[in-house]
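Protein chains: 2
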Amino acid sequence: MACNFKFEIEAEDPACGARVGKVTTPHGAIETPVFMPVGTQGSVKALSQEDLCDVNAQIILGNAYHLYLRPGTETLEAAGGLHRFMGWDRPILTDSGGFQVFSLGHLNKVTPDGVTFQSHIDGSRHVLTPERAVDIQISIGSDIMMCFDECTAYPATREAATESLRMTADWAARCKARWLEREVNDQALFGIVQGSTYKDLRQESAQRTVEIGFPGYAIGGVSVGESKEEMVAAVEWTAPLLPREKPRYLMGVGPPEDILEAVERGVDMFDCVLPTRNARNGSLITSQGRVNIKNAVYARDFGPLDPGCGCVVCRRYSRAYLSHLYRSGEISALRLNTLHNVSFMLHFAATVRQAIRAGRFLEFKREFLHAYTAK
Amino acid sequence: MACNFKFEIEAEDPACGARVGKVTTPHGAIETPVFMPVGTQGSVKALSQEDLCDVNAQIILGNAYHLYLRPGTETLEAAGGLHRFMGWDRPILTDSGGFQVFSLGHLNKVTPDGVTFQSHIDGSRHVLTPERAVDIQISIGSDIMMCFDECTAYPATREAATESLRMTADWAARCKARWLEREVNDQALFGIVQGSTYKDLRQESAQRTVEIGFPGYAIGGVSVGESKEEMVAAVEWTAPLLPREKPRYLMGVGPPEDILEAVERGVDMFDCVLPTRNARNGSLITSQGRVNIKNAVYARDFGPLDPGCGCVVCRRYSRAYLSHLYRSGEISALRLNTLHNVSFMLHFAATVRQAIRAGRFLEFKREFLHAYTAK
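Structure below.
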């Protein structure tokens, strides 16, 4: 596993599993716990790369499935990789495309070898195998690649979950072999733990994935409909089985309250489309909870969106103005809302790191949730 | 006309009518010739006020018709005016709402007293008179207000054009009376010359408007379907009749080539929705002419949109990336395209001013058009 990728733990909270770490990649370092905005098609929806720098995004996600279909790997290779294509020189993590193949593509066939599917854009037919998923991510040039997994549907029977995790483990071994064969030292590969809501299956999956061995580990299949309790349980069962000295990534999570639960249990990395998707629907995150900017009460509320937020939106614009933009159908509403929500999540992660460094994470968690859920 | 508004001519090109001027308003100074981005509903579509500052917008437009309907004058007054409502502390010019009443509203009745119309948003019934149009603009708090005029349709018979310009002149006198009565020293009022494509009617309109007397004068009814030759003719007939020491504003114009013709004939101020509207349709302005970013040839063109442009978009993103964003339906495509087009127009106006100061406007015009129309 000779890759230019490093993880160091810088601080651990004595009262729980929370920790501050530093992930080093060829495109720079990432302080964890980190929230990673999702840039599905090579763009975090409604934001520019300048915006992302301005709000201190340390790393963003790209989706291999989307990028493979459009602009395509040939264009990305011609551009010199996704970083250069999109004008972003900080780290990028790509998912393997597995989740999208199952959720967006018109699925034709799943076999132990891989998946045949049709593009949701033009209906064209494609085959994705573990090897191909690694190759695509190598064309993309992401700093962190993910193994091609089958994201187990929710709910799943024990039989289905078992079969799914074993296929995911077999695919993980093939992904690792391809990754070693391609000798891409500038790109790390993370394994993914599945196992649905079954403790022993989560444990089996964790064990098999760790046996294969990766520079980092993800906990998957926890943002597909399960309850908050089931998500917490999956983390509790899994995290202790993952090597302490490797970063842990909880895929697709989530709202601040869920991130706090996972950080407490030793998770380092998070991504979620909700802050951006909700923003485009007028649902904004503030330190006092959710604000639905479409609500008529905000039409003459000339105060800032979140008095506790120092982002560019809260410094300049009022709730009344944001409400006006939204109701008037202005494109700027989508961008300003997104800018605030992403800024909020990134600042939230920064305060989580501060609290851990100060050895007061649990106190911070209580205070945050008190204000956040007060309304 | 005791208002905190001043216009000074700083340079005149010896070879033609082009001039550089400085308009002083309570929200700062504007160097002319100036291009004013259009912020219809209190937002230049797809841009934020930070963006507008970043691209050096000196002044933006608001539309009284839109702002009157939404958010409404009560909200604007409660906010302390449009500047504070939208977080923009540079100058604002508002049109009177006349053009939109005729083009967007469901027109019920036009009488010498004013216009009855129904809102295009909710069908509600409203009456707009010259006095009411001034009152609305006073609630908005724009630095430059426009007289309520009837924008003569194109083409117009001589009879219709005559009737229209005379009503516009009567309304201008009533607007001025209301403006004096309200004693708003921080808001200037401009008169508007109509007269369609008839030389003597343009002259009659100019003469009547100048007799009433305003801090500035606009030439109206020239971006409603007339040819470029007719636009140039209207400017040629009108500009010499407007006082040299007052700013001249050509409403709704336009593309760079039209601005050059008008500047040459002594026009100082311009606005146009095309740079923003075209941007949202993928039509981009460059120093080498138009680029339709939807065109397949750009999908692997990794060069900057306009090698001659120093804007944030051209510095960071390639044609291939902009093309990808547009074809992928990303919101960022709308903003980045708009940011470039507005930036281009503002930089274009700045180079026009430099050329005039250097006494080489006509040479600049030739050079610009040579590159712009070369393709």
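Protein chains in written order, with the working numbering: chain Z, 2 to 376; chain V, 2 to 376. Ideal Cβ positions, reconstructed from N, Cα and C, are used throughout, including at glycine.
Expected contact under 8 Å - CB spacing of residue i and residue j to nearest Å
i        : j        : result
Gly1/Z   : Leu129/Z : Because chain Z in this structure spans residues 2 to 376, residue 1/Z falls outside the shown range and cannot be described.
Ala174/Z : Ile213/Z : 5 Å
Thr26/V  : Asn64/V  : Incorrect: roughly 19 Å between the Cβ atoms, too far for contact.
Leu337/V : Leu323/V : 6 Å
Thr169/V : Asp150/V : 4 Å
Pro38/Z  : Ala58/Z  : 6 Å
Arg358/V : Ala12/V  : 5 Å
Cys152/Z : Gly196/Z : Not really, about 12 Å apart at Cβ, beyond 8 Å.
Ile31/Z  : Val21/Z  : The pair is not a contact, with the Cβ atoms about 11 Å apart (cut-off 8 Å).
Val264/V : Val343/V : At roughly 19 Å, the Cβ-Cβ gap does not stay under 8 Å, so Val264/V and Val343/V are not in contact.
Leu347/V : Phe36/V  : 6 Å
Tyr318/V : Gly283/V : With a Cβ gap of about 14 Å, Tyr318/V and Gly283/V do not count as contacting.
Bridge-paired residues (DSSP) for residue i
i        : result
Leu83/V  : DSSP, once it has assigned bridges, lists no residue as partnering Leu83/V.
Pro256/V : Pro256/V pairs with nothing; no bridge assigned.
Glu13/Z  : Arg20/Z
Gly29/V  : Thr26/V
Leu62/V  : Val39/V, Leu94/V
Arg271/V : The sequence shown places Phe at residue 271/V, not Arg. Answer is Phe36/V, Leu251/V, bridged to Phe271/V.
Met346/Z : Answer is none; Met346/Z lacks a bridge partner.
Lys7/Z   : Thr25/Z
Ile145/V : Leu94/V, Ala189/V
Chain Z contact for residue i (CB, 8 Å cutoff)
i        : result
Pro72/V  : yes
Thr1/V   : Limits of chain V in this structure are 2 at one end and 376 at the other, which puts residue 1/V out of reach.
Arg336/V : yes
Ala19/V  : no
Ala12/V  : no
Gly88/V  : yes
Arg249/V : no
Tyr318/V : yes
Glu331/V : yes
Arg91/V  : no
Arg384/V : Lying outside 2 to 376, the shown extent of chain V, residue 384/V is not represented and no answer is given.
Thr95/V  : no
Leu306/V : no
Met2/V   : Model confidence at Met2/V stands at a pLDDT of 47, short of 50, so the residue's coordinates are unreliable and nothing is read from them.
Phe303/V : yes
Ala194/V : First, the amino acid is wrong: residue 194/V is Val here, not Ala. Chain Z contact via Cβ: absent.
Val313/V : yes
Ala80/V  : yes
Any C-beta of chain C under 8 Å from that of residue i
i        : result
Arg245/V : Of the chains in the structure shown, none is chain C; the protein chains are Z and V.
Residue-level contact to chain V via CB, residue i, 8 Å cutoff
i        : result
Gln101/Z : no
Val298/Z : no
Leu132/Z : A small correction: the amino acid at residue 132/Z is Glu; Leu does not occupy that position in the sequence shown. Closer than 8 Å: no.
Arg361/Z : no
Ala280/Z : no
Phe365/Z : no
Leu62/Z  : no
Val225/Z : no
Tyr322/Z : yes
His325/Z : yes
Thr76/Z  : yes
Closer than 7 Å: residue i CB and nearest the ligand ZN heavy atom
i        : result
Val274/V : The ligand ZN is not part of this structure, which contains no ligands at all.
- Query: Where are the beta strand (DSSP E) runs, 3 residues long or more, that stay fully inside the segment 278 to 318 of chain Z, in chain order?
  - Reply: 284 to 287, 290 to 293
- Give, in chain order, every unbroken run of the alpha helix (DSSP H) that is at least 4 residues long and sits entirely within the segment 191 to 239 of chain Z. 200 to 213, 229 to 239
- Task: Residues of the segment 41 to 59 of chain Z with a CB closer than 7 Å to any CB of chain V: list them in chain order, please.
- Result: Gln42, Gly43, Ser44, Lys46, Ala47, Leu48, Ser49, Gln50, Glu51
- Please go through the segment 86 to 142 of chain V and give each complete alpha helix (DSSP H) segment of 4 or more residues, from N-terminal end onward. Fully enclosed alpha helix (DSSP H) runs of 4 or longer: 99 to 104, 131 to 141.
- Query: Can you list, in chain order, the stretches of the alpha helix (DSSP H) that have 4 or more residues and sit fully within the segment 157 to 189 of chain V?
  - Reply: 159 to 183
- Query: At a Cβ cut of 9 Å, what residues of the segment 259 to 283 of chain Z count as close to chain V, listed as they run along the chain?
  - Reply: Arg281
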